[in-house]
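Below is one structure, written out as structure tokens, with a few remarks after it.
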Amino acid sequence: MTDALAATFRRPFKEQAAAFRLRLGDLVPTAAWDDLAGAAHDRSFAVAGAAKADLLADLAAAVDRAIVEGTGFEAFKDDFRAIVLRRGWTGWTGESSEKGRNWRMRTIYRTNMRTSYMAGRWAQLRDGNFPFLVYRHGGSAEPRLQHLSWDGLILPSSHGFWLIAFPQNGFGCSCNVFGARSIAGAVRRGGKPGVKLRDGWDAPMAETGAPAGIDEGWGQAPGASVADLVQAMAKKTVNWPYSIARAYLDDFPAVQQDALSSAYRNLPSLMTDLRRYAKAVQEGRAVQPVRTMGRLTQAHRQRVNDLLGSDLENYHFTLDAPAVRHILSGHGAASEALRGQIPISAETYALLPRILNQPDVIEAAGETRAGLPVVRFSRRIGGVTYTVAMEIRGKKRRMLAVQSMWGRRASDGSPA
Numbered sequence: 053m054t055d056a057l058a059a060t061f062r063r064p065f066k067e068q069a070a071a072f073r074l075r076l077g078d079l080v081p082t083a084a085w086d087d088l089a090g091a092a093h094d095r096s097f098a099v100a101g102a103a104k105a106d107l108l109a110d111l112a113a114a115v116d117r118a119i120v121e122g123t124g125f126e127a128f129k130d131d132f133r134a135i136v137l138r139r140g141w142t143g144w145t146g147e148s149s150e151k152g153r154n155w156r157m158r159t160i161y162r163t164n165m166r167t168s169y170m171a172g173r174w175a176q177l178r179d180g181n182f183p184f185l186v187y188r189h190g191g192s193a194e195p196r197l198q199h200l201s202w203d204g205l206i207l208p209s210s211h212g213f214w215l216i217a218f219p220q221n222g223f224g225c226s227c228n229v230f231g232a233r234s235i236a237g238a239v240r241r242g243g244k245p246g247v248k249l250r251d252g253w254d255a256p257m258a259e260t261g262a263p264a265g266i267d268e269g270w271g272q273a274p275g276a277s278v279a280d281l282v283q284a285m286a287k288k289t290v291n292w293p294y295s296i297a298r299a300y301l302d303d304f305p306a307v308q309q310d311a312l313s314s315a316y317r318n319l320p321s322l323m324t325d326l327r328r329y330a331k332a333v334q335e336g337r338a339v340q341p342v343r344t345m346g347r348l349t350q351a352h353r354q355r356v357n358d359l360l361g362s363d364l365e366n367y368h369f370t371l372d373a374p375a376v377r378h379i380l381s382g383h384g385a386a387s388e389a390l391r392g393q394i395p396i397s398a399e400t401y402a403l404l405p406r407i408l409n410q411p412d413v414i415e416a417a418g419e420t421r422a423g424l425p426v427v428r429f430s431r432r433i434g435g436v437t438y439t440v441a442m443e444i445r446g447k448k449r450r451m452l453a454v455q456s457m458w459g460r461r462a463s464d465g466s467p468a
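All residue numbers for the sequence shown refer to the numbering used here, where the first residue is 53 and numbers rise by one.
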């Protein structure tokens with residue numbers, strides 16, 4: 053993958069996120085890569101050889117985070133390795149060598165990144181009502197000759213070619229398609245009027261069952277069967293990283309929501325990013341105003357409801373820059389030891405997902421000065437009991453937001 057392409061993939065957009073998250077409602081156990089066929093890919097998520105529900109949820113969360121938050125390949129590799137170890141997944145293709153493992157991780161990452169990207173592009177192009185579409189070769193180091201022959205091809209957007217050959221149309225394909233409102237506009241997007249589609253272009257090849265240039269199992273435009281739904285979903289979302297990160301999951305079954313949310317908080321890359329976020333705030337660098345740590349599970353909701361009579365449906369755990377500054381200034385000094393507490397540093401923020409996912413105690417803790425209800429989550433880790441105070445922020449925002457955090461070597465007590 054070229055640096056430019058990787059940079060593009062790390063800037064997720066609403067339609068891409070919607071197209072991928074439509075697939076998370078159906079996590080499909082499979083034995084081989086071709087167990088899912090055709091338009092089934094538009095509404096289902098699978099990783100060849102992953103058959104257990106918890107493993108699939110973990111892998112789905114890792115891929116989802118890479119796509120929706122643009123975390124990159126290295127972060128995905130860290131998550132993938134941790135998932136394989138935690139779930140004891142063995143026997144998967146590529147497992148037996150470092151080269152094979154890197155190939156498999158790259159294939160899973162690139163294929164999901166690319167298909168979701170192009171599914172989002174298909175929805176955008178349809179919504180734009182472009183009369184013409186232009187096929188552009190992606191510049192691969194080892195190009196498919198048929199794809200090179202299509203470079204610059206200009207066809208009406210209604211032509212059947214696009215339903216079959218719209219990229220990604222094979223493993224590793226990096227081709228793209230652009231919309232145009234005139235032939236002159238198509239030429240400006242790299243179109244070449246002299247490039248023609250040969251007669252019989254759609255005749256299936258005996259080896260693949262698909263037309264020449266289309267890999268076996270790839271003879272359908274990614275996202276074509278759900279394009280209108282993707283566009284409708286995207287139009288309801290503000291194009292802001294936090295909004296995109298929490299979008300399109302509210303209608304999933306509760307068990308699916310819980311599995312994905314818990315898996316998300318188990319990802320090493322999330323823990324790393326929370327530490328980096330806190331460090332950036334500490335150093336005065338620019339950060340996103342607020343970031344999600346995943347939605348509350350049904351167990352979280354039930355406990356808070358029991359304590360306060362509040363149903364936090366579709367609420368997310370969140371962290372924001374003011375909270376980080378408050379905690380580091382109020383509980384970050386070495387003098388914390390004088391009141392039986394340990395200093396909270398940027399490194400401590402990596403523990404937040406563990407504390408929230410599996411707290412030893414959840415308890416009501418009054419209200420903030422602004423009158424917002426507070427709930428405390430506590431968990432003992434490495435001989436220290438960490439407590440995180442979370443404030444409930446309104447139905448419109450639907451946040452259970454970090455308000456304070458401290459740690460004690462003793463198992464009881466609260467901050468002085």
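C-beta atoms are modelled at their ideal positions from N, C-alpha and C, and glycine is treated no differently. None of the values given here were measured: they were computed from a predicted structure.
In the DSSP assignment, E419 falls within the beta strand (DSSP E) that extends over 413-419.
The distance from the Cβ of Q334 to that of L403 is about 16 Å, inconsistent with a contact at the 8 Å cut-off.
Around the C-beta of V278, 16 or more other C-beta atoms lie within 10 Å, and the residue is accordingly described as buried. Judged by beta-carbon spacing, R449 lies beyond the 8 Å limit of A398, meaning their Cβ atoms are not closer than that value.
Bounds of any beta strand (DSSP E) do not take in M285; it lies within the alpha helix (DSSP H) bounded by 279-287.
Per DSSP, M451 is one residue of the beta strand (DSSP E) stretching across 451-460. Bounds of any beta strand (DSSP E) do not take in P320; it lies within the alpha helix (DSSP H) bounded by 320-334.
E388 counts as buried, since no fewer than 16 other beta carbons sit within 10 angstroms of its beta carbon. For L111, the closest alpha carbon among the candidates H93, D130, T370, R95 is that of D130. Burial is judged here by how many other beta carbons sit within 10 angstroms of a residue's own beta carbon; D303 has fewer than 16 and is exposed.
The DSSP-derived three-state label of S397 is coil. Of the other Cβ atoms in all chains shown, fewer than 16 fall within 10 Å of the Cβ of Q350; this residue is therefore exposed. With respect to the 8 Å criterion, P263 and I206 are not classified as neighbours on the basis of their beta carbons. A contact is defined here as three or more CB-CB pairs under 8 Å, and the region 241-256 fails this definition with respect to the region 284-299. Contact between F128 and Y169 is absent: CB atoms are separated by about 15 Å, not below the 8 Å threshold. Setting aside the 5 residues that flank it on each side, D179 is surrounded in the same chain by Q283, each with a C-beta closer than 7 Å to its C-beta; the list follows chain order. CA-CA distance, A441 to I414, rounds to 10 Å. Taking the Cβ atoms as the reference, H189 lies roughly 6 Å from L200, within the contact range of under 8 Å. Judged by DSSP in its simplified three-state form, M157 adopts helix.
Taking C-beta separations shorter than 8 Å and ignoring five residues to either side along the sequence, the partners of L107 in its chain run I135, R139, W141, following chain order. Taking 8 Å as the cut-off, the Cβ atoms of A71 and G275 count as close. Secondary structure of H352 (DSSP, three-state): helix. By the C-beta density criterion, I444 is buried, having at least 16 other C-beta atoms within 10 angstroms. With distances taken between CA atoms, A299 lies nearest to K288 out of K288, V307, E365, P305. The beta-bridge partner set that DSSP reports for L371 consists of R343. Rounded to whole angstroms, A98 and R158 show a C-alpha spacing of 15 Å.
Boundaries of the beta strand (DSSP E) harbouring G231: 228-232, taken from the DSSP string. About 4 Å separates the CB atoms of S96 and D78; that is less than 8 Å, so the two are in contact. Here the alpha carbon of G146 sits roughly 11 Å from the alpha carbon of A100. Judged by their CB atoms, T420 and Q455 are nearer to each other than the 8 Å cut-off. Below 8 Å, enough C-beta pairs join the region 172-187 and the region 207-219 to call them touching: three or more.
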